[in-house]
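Colleague: Attaching a single structure in structure tokens format; questions to follow.
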């Protein structure tokens with residue numbers, strides 16, 4: 054089958070997990086014998102990889118746009134331009150789905166599918182009232198009506214995301230839930246043998262921004278008030294300076310280590326040195342890839358009880374009420390004392406992580422493609 058993924062760019066150097074998912078999906082589909090291409094529109098941002106070593110093709114077709122409206126209208130024409138070369142279009146960036154819907158509306162012949170790994174509508178806008186966001190939400194619902202009517206199939210990454218999109222008007226028959234995929238065969242996990250005796254290390258991995266709730270983790274650490282418990286923070290972002298100051302203000306700066314952005318190899322080494330992974334977002338994240346990585350490494354996880362995160366963690370983690378640092382502190386305290394519980398969660402987490410093996414993801418993609426494109 055001739056499969057075309059569509060995204061704005063392909064950046065394996067600076068972008069997050071979504072880009073690595075795209076690379077993984079395209080690679081695995083190509084290895085199964087499909088002819089796979091990735092259509093991109095910002096060539097200067099196609100970085101961080103050697104395309105001569107990839108089993109898929111990168112197509113660069115620059116866009117000259119000034120607004121989201123321009124993007125939508127131009128994308129419609131771009132898809133029309135290439136439709137004779139492919140059997141299916143797969144929109145990896147959900148923001149491209151409206152342009153894809155218009156392509157299908159105006160006689161586009163190739164089936165269009167798309168990933169729903171984020172929300173295309175108002176969910177929770179910090180600092181804004183519902184009245185202020187009312188016009189935006191109205192426009193978003195109009196956009197969703199077009200996507201529902203003309204896109205062929207949509208892939209929410211968790212049951213939570215699927216339910217939310219159904220609440221916003223996407224029909225059940227247009228949704229086919231496919232969780233994010235992971236290639237554990239290349240995970241070089243370090244041995245969990247270099248931990249210091251009597252130490253207990255918490256870990257956060259991800260962007261340092263307000264919606265991620267990293268400050269809640271720092272506050273919870275101060276409430277636990279045990280000098281032997283420390284917190285490793287791996288990642289970078291606009292909130293870093295505030296978080297450093299917060300740790301100082303709470304008198305726990307010696308217990309908090311900021312590692313900055315780290316490579317996958319360093320991530321695995323850090324997993325081996327830590328005891329518990331914490332993911333505490335303030336907003337309803339669609340999935341939470343770092344949770345799966347941590348569970349596969351054998352770490353018990355503590356996650357906020359919103360969005361797709363509780364489903365991702367499954368039996369491998371504990372849940373706490375979002376934005377409740379006191380409850381989070383209690384969960385930390387519980388795992389600090391209960392070694393058997395940590396072992397139980399570790400074993401369950403490893404099994405839960407296997408559910409997200411990329412083989413299962415690719416099997417479902419192929420099932421959807423064959424249904425829509427007639428097994429070409």
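Numbering (this note's numbering), first residue to last: 54 to 429. C-beta atoms are modelled at their ideal positions from N, C-alpha and C, and glycine is treated no differently.
Residue 143: buried (16+ other C-beta within 10 angstroms of its C-beta) or exposed?
Modeller: Counted from its first residue, the chain shown places residue 143 at position 90. The residue is buried, with at least 16 neighbouring Cβ atoms inside 10 Å.
Colleague: Counting only the same chain and skipping the five closest in sequence on each side, list residues whose C-beta sits under 8 Å from that of residue 222.
Modeller: Translated into the one-based positions of the chain shown, residue 222 becomes position 169. Closer than 8 Å at the Cβ level, and outside the excluded window around residue 222, lie 194, 197, 198 and 201.
Colleague: Would you mind reading off the limits of the alpha helix (DSSP H) that contains residue 392?
Modeller: Position 339 of the chain shown holds residue 392. 392–407 is the extent of the alpha helix (DSSP H) around residue 392.
Colleague: Going by Cα to Cα distance, which pick from 314, 321, 281 and 294 is closest to residue 307?
Modeller: Your numbering for residue 307 matches position 254 in the chain shown. When only C-alpha atoms are compared, the closest one is 281.
Colleague: Does residue 205 pass the burial test, meaning 16 or more other C-beta atoms within 10 Å, or should it be called exposed?
Modeller: Within the chain shown, the letter at position 152 stands for residue 205. With 16 or more other Cβ atoms within 10 Å, it is buried.
Colleague: Near residue 212, what residues of its chain come up, given a Cβ to Cβ distance below 8 Å and the 5 sequence neighbours on each side ignored?
Modeller: The sequence position of residue 212 within the chain shown is 159, counting from 1. Excluding positions up to five away in sequence, the list reads 230, 361 and 364.
Colleague: Compute the distance between the beta-carbons of residue 46 and residue 328, then report whether it is under 8 Å.
Modeller: The question about residue 46 has no answer, for the chain in this structure spans 54 to 429.
Colleague: Mind checking whether residue 303 and residue 272 have CB atoms under 8 Å apart?
Modeller: What you label residue 303 is simply residue 250 of the chain shown in a count that begins at 1. What you label residue 272 is simply residue 219 of the chain shown in a count that begins at 1. Going by C-beta atoms, residue 303 is nearer than 8 Å to residue 272.
Colleague: From residue 316 to residue 289, what distance separates their C-alpha atoms?
Modeller: Mapped onto the chain shown, residue 316 falls at position 263. Mapped onto the chain shown, residue 289 falls at position 236. Cα-Cα distance, rounded: 12 Å.
Colleague: Please identify the residue among 321, 124, 418 and 368 whose C-alpha is closest to the C-alpha of residue 258.
Modeller: Your numbering for residue 258 matches position 205 in the chain shown. Minimum Cα distance to residue 258 is reached at 321.
Colleague: Assuming the contact rule is C-beta atoms closer than 8 Å, residue 124 and residue 132 should be a hit. Round their C-beta distance to whole Å, please.
Modeller: Residue 124 sits at position 71 when you count from the first residue of the chain shown. Residue 132 sits at position 79 when you count from the first residue of the chain shown. Between residue 132 and residue 124 the Cβ distance is about 12 Å, and since that is not below 8 Å, they are no contact.
Colleague: I'd like to confirm the pairing. Which residues does DSSP put opposite residue 57 in its beta bridges?
Modeller: In the chain shown, residue 57 corresponds to position 4, counting from 1. DSSP, once it has assigned bridges, lists 90 and 142 as partnering residue 57.
Colleague: Contact check, residue 353 vs residue 388 under 8 Å by CB: the rounded distance?
Modeller: Residue numbering aside, residue 353 sits at position 300 when the chain shown is read from its first letter. Residue numbering aside, residue 388 sits at position 335 when the chain shown is read from its first letter. Indeed, because the Cβ distance is near 6 Å, the residues count as touching under 8 Å.
Colleague: Using 8 Å for Cβ pairs, my map puts residue 81 next to residue 411. What's the rounded Cβ distance?
Modeller: Along the chain shown, read from residue 1 onward, the residue named residue 81 stands at position 28. Along the chain shown, read from residue 1 onward, the residue named residue 411 stands at position 358. Rounded, the Cβ-Cβ distance is 6 Å, consistent with contact.
Colleague: Should residue 63 go down as buried or exposed, given a rule of 16 or more other Cβ atoms within 10 Å for buried?
Modeller: Numbered from its first residue, the chain shown carries residue 63 at position 10. Buried, by the Cβ-count rule.
Colleague: Have a look at residue 385 and residue 227 and give me their C-alpha separation to the nearest angstrom.
Modeller: Counted from its first residue, the chain shown places residue 385 at position 332. Counted from its first residue, the chain shown places residue 227 at position 174. About 41 Å.
Colleague: Kindly list the residues whose CB is nearer than 7 Å to the CB of residue 61, restricted to its own chain and excluding five residues on each side of it in sequence; keep chain order.
Modeller: Looking up residue 61 in the chain shown gives position 8. The residues are 93, 94, 95 and 146.
Colleague: Please say whether residue 370 and residue 392 have beta carbons closer to each other than 8 Å?
Modeller: For the purposes of this step, residue 392 is taken as residue 339 along the chain shown, with counting starting at 1. For the purposes of this step, residue 370 is taken as residue 317 along the chain shown, with counting starting at 1. Their beta carbons are not under 8 Å apart, which means residue 392 does not touch residue 370 by this criterion.
Colleague: From the DSSP secondary-structure annotation, give me the bridge partner or partners of residue 257.
Modeller: Within the chain shown, the letter at position 204 stands for residue 257. In the DSSP output, where bridge partners are listed per residue, residue 257 has 286.
Colleague: Suppose you measure from the CA of residue 424 to the CA of residue 337; what does that come to, to the nearest Å?
Modeller: Numbered from 1 along the chain shown, position 371 holds the residue referred to as residue 424. Numbered from 1 along the chain shown, position 284 holds the residue referred to as residue 337. If I take the Cα positions, the gap works out to 31 Å.
Colleague: Report buried or exposed for residue 157, applying the criterion of at least 16 other Cβ atoms within 10 angstroms of its Cβ.
Modeller: The residue you call residue 157 lines up with position 104 of the chain shown. Looking at its Cβ environment, which holds 16 or more other Cβ atoms inside 10 Å, residue 157 is buried.
Colleague: Is it the case that the Cβ atoms of residue 141 and residue 122 are separated by a distance below 8 Å?
Modeller: Residue mapping note: residue 141 aligns to position 88 of the chain shown, counting from 1. Residue mapping note: residue 122 aligns to position 69 of the chain shown, counting from 1. No, Cβ-Cβ distance for residue 141 and residue 122 is not below 8 Å.
Colleague: Go to residue 269, then tell me how far its alpha helix (DSSP H) extends in each direction, as first and last residue.
Modeller: Here residue 269 corresponds to residue number 216 of the chain shown, with the count starting at 1. Segment 267–277, the alpha helix (DSSP H) holding residue 269.
Colleague: Once DSSP output is grouped into helix, strand and coil, what is the label at residue 303?
Modeller: Stepping through the chain shown from its first residue, residue 303 is reached at position 250. Residue 303 falls in the coil class under three-state DSSP.
Colleague: So what does DSSP say about residue 179, is it helix, strand or coil?
Modeller: Stepping through the chain shown from its first residue, residue 179 is reached at position 126. Unreliable placement is indicated for residue 179, whose pLDDT of 49 sits below 50; the coordinate value is still reported in the next sentence. Of the three classes helix, strand and coil, the one that applies to residue 179 here is coil, per DSSP.
Colleague: Secondary structure at residue 387, three-state DSSP: helix, strand or coil?
Modeller: In the chain shown, counting from the first residue as 1, residue 387 sits at position 334. Helix.
Colleague: Express the C-alpha separation of residue 263 and residue 179 in angstroms, rounding to a whole number.
Modeller: Reading the chain shown from its first residue, position 126 is the one you call residue 179. Reading the chain shown from its first residue, position 210 is the one you call residue 263. Since pLDDT at residue 179 reaches only 49, below the 50 mark, its modelled position is unreliable, and no value is offered.
Colleague: Which of the three DSSP states, helix, strand or coil, is assigned to residue 351?
Modeller: Within the chain shown, residue 351 is the residue found at index 298, counting from 1. Coil, per DSSP.
Colleague: Go to residue 311, then tell me how far its beta strand (DSSP E) extends in each direction, as first and last residue.
Modeller: Within the chain shown, the letter at position 258 stands for residue 311. Run containing residue 311: 309–313, per the beta strand (DSSP E) assignment.
Colleague: By the three-class DSSP mapping on this structure, what secondary structure does residue 147 have?
Modeller: Translated into the one-based positions of the chain shown, residue 147 becomes position 94. The answer is helix: DSSP assigns residue 147 an H, G or I state.
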